[in-house]
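Engineer: Using our numbering, you'd call the opening residue of the sequence shown number 35 and step up by one each time.
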Amino acid sequence: MKVLFLVQKEQRAILDRLYEGVAEHCECDIRWLSSDEQRNLRGYFRREVDVTRYDRIVFFLRFKQEIRQAGFIRTIPNLVILEHDAYQNYIPCKYTGKFSAHYRRLPWVRVISSGYMVTERLRTEGFDAVFVPKGYDQALLQPQDRERDIELAFVGSTNSVAYSGRKALLDELARVEPLVVTRTKSGEEYCATLNRIRFFVSADVGMGEYMIKNFEAMACGCVLLAFDQGAEENAALGFEDMVNVVFYQDIPQLQEKLAVLRSNPQLAADIARSGQDLAVGQFGFARIGQRIVEALEPPLRPRAPLNVLERLRLKLGV
35 MKVLFLVQKE QRAILDRLYE GVAEHCECDI RWLSSDEQRN LRGYFRREVD
85 VTRYDRIVFF LRFKQEIRQA GFIRTIPNLV ILEHDAYQNY IPCKYTGKFS
135 AHYRRLPWVR VISSGYMVTE RLRTEGFDAV FVPKGYDQAL LQPQDRERDI
185 ELAFVGSTNS VAYSGRKALL DELARVEPLV VTRTKSGEEY CATLNRIRFF
235 VSADVGMGEY MIKNFEAMAC GCVLLAFDQG AEENAALGFE DMVNVVFYQD
285 IPQLQEKLAV LRSNPQLAAD IARSGQDLAV GQFGFARIGQ RIVEALEPPL
335 RPRAPLNVLE RLRLKLGV
């Protein structure tokens, strides 16, 4: 299978290993698109792409730019959209409902979503949606032989509207527990910090799926204290409470389980080890890349014929 994989050149997360994971399992032409190129996909395709050369064309681009160019995107054959933010379709934020509206204009497109229940909701709405979870960079994030001198911590952003629930929960927890909330540079500093944390607090409140930080913390040997996203999501990931992860639904429950773990260090160590084994075995980007390619392989839905205006604009390149 020959795949054109269009990704963002400027992106906060380091996802090179994910792209390599995809490329290992297909004939993959990876292109890093600048912000300007993403804003003018028609021009980019006219200059740089022969769509007949590819069995699949995969977008992993800024949704903000995609929704402004649906008219052109409708003309692209064999299109698959990889989306890590479709949970925003179902939470109160500026993109509430907009993913569904966009996909309704492209009903033949396959959407690979990183949330199990988000995928199920999209499928219920009639879309060709496939679940492949987020993961972590197995080359960048690994366990180190360090003292875990930070007992309870969160590392990451709390600034955006989508993270308002995260910030509120962390603020509430910090009033009753010695919580460290910090940010680091990506790469070595982030890995070293995770390896200093005993209990990592994941506060993906109201998101309906688990963010990348969960898998990163597990891979680095933290005990993951995860805001519970529901039985179906957990089962799809192989998450088991007090076995390889610790679930909570509110601060009192988190404190209750934290007290158990503090009084039983061996249980905490066992959960950390089981969580790490799960992450290493299932959620490294090498494995996630393979799953993405597997999701590309089944036949796509037939694309609707282009209308007269679409054919004319495609012919003229405007």
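Positions of the beta carbon are idealized from the N, C-alpha and C atoms, including for glycine.
In this text the structure is predicted, and so the values were computed from the model without any measurement.
(1) Please classify D162: does DSSP put it in a helix, a strand, or coil?
(2) In the DSSP assignment, find the alpha helix (DSSP H) that holds C225 and state where it starts and stops.
(3) Thinking L95 and D63 are a contact (beta carbons under 8 Å), I'd like their distance in whole angstroms, please.
(4) Exposed or buried, G190, counting other C-beta atoms within 10 Å across all chains shown (16 or more means buried)?
(5) Any idea what DSSP makes of Q300, helix, strand or coil?
(6) On a Cα-Cα basis, can you pick out the residue from V83, S134, F79 and R157 that is closest to I101?
(7) Please classify V152 as buried or exposed, where buried requires at least 16 other C-beta atoms within 10 Å of its C-beta.
(8) Is it buried or exposed for G264, if we count other Cβ within 10 angstroms and need 16 for buried?
(9) Check for me: the alpha helix (DSSP H) holding Y53 runs from which residue to which?
(10) Three or more C-beta pairs closer than 8 Å, one from the region 239-246 and one from the region 214-222: is that the case here?
(11) Can you pull the DSSP bridge partners for G318?
(12) What does the Cβ neighbour count give for S297, buried or exposed, with the cut at 16 atoms within 10 Å?
(13) Please state whether DSSP places A260 in a helix, a strand or coil.
(14) For D179, count neighbouring Cβ atoms within 10 angstroms of its own Cβ and tell me buried if that reaches 16, exposed if not.
(15) Expressed to the nearest angstrom, what Euclidean distance is found between the alpha-carbon atoms of Y137 and D50?
(16) Confirm, please, whether the CB-CB distance from I91 to L116 is below 8 Å.
(17) Three or more C-beta pairs closer than 8 Å, one from the region 120-127 and one from the region 202-217: is that the case here?
(18) Count the other C-beta atoms from every protein chain shown that fall within 10 angstroms of the C-beta of N229, then say buried if there are 16 or more, exposed otherwise.
(19) Would you give the residue range spanned by the alpha helix (DSSP H) that I184 belongs to?
(20) Rounded to whole angstroms, how far is the Cβ of Y170 from the Cβ of E250, which I believe are closer than 8 Å?
(21) Return the CA-CA distance between E185 and A163, expressed in angstroms with no decimal places.
(22) Answer yes or no: do V279 and L301 have a C-beta to C-beta separation smaller than 8 Å?
(23) Here's a check: name, in chain order, each residue in its chain whose Cβ is nearer than 7 Å to the Cβ of Y53, leaving out the five neighbours to either side.
(24) In chain order, what residues of the same chain lie with their CB nearer than 8 Å to the CB of V327, ignoring the 5 residues before and after it?
(25) Which ranges would you report for the alpha helix (DSSP H) in the region 36-119 if only whole runs of at least 4 residues count?
(26) Return the residue from the list I231, D262, A313 and H118 that minimises the CA-CA distance to A47.
(27) Counting along the chain, where does the beta strand (DSSP E) carrying R144 start and finish?
(28) Identify whether D205 lies in helix, strand or coil by the three-state DSSP scheme.
(29) Could you compute how far the alpha carbon of N74 sits from the alpha carbon of E44?
Structural biologist: Quick answer:
(1) Correct three-state label for D162: strand.
(2) E222 to L228
(3) Going by Cβ atoms, the distance from L95 to D63 rounds to 15 Å, so no, they are not a contact pair.
(4) Classification for G190: buried.
(5) helix
(6) S134
(7) Buried, by the Cβ-count rule.
(8) exposed
(9) D50 to A57
(10) In short, these stretches do not touch, since the Cβ pair count stays below three.
(11) DSSP output for G318 lists Y170 as bridge partner(s).
(12) exposed
(13) strand
(14) exposed
(15) 27 Å
(16) no
(17) no
(18) buried
(19) Counting along the chain, I184 falls outside any alpha helix (DSSP H), though it belongs to the beta strand (DSSP E) covering I184 to V189.
(20) 4 Å
(21) CA-to-CA, the gap between E185 and A163 works out to about 39 Å.
(22) no
(23) F39, V41 and I64
(24) Correct list, in chain order: M35, V37, V56, H59 and C60.
(25) 50-57, 69-73, 75-82, 97-100 and 104-107
(26) H118
(27) Unbroken beta strand (DSSP E) run through R144: R144 to S147.
(28) If DSSP states are grouped into helix, strand and coil, D205 belongs with the helices.
(29) 16 Å
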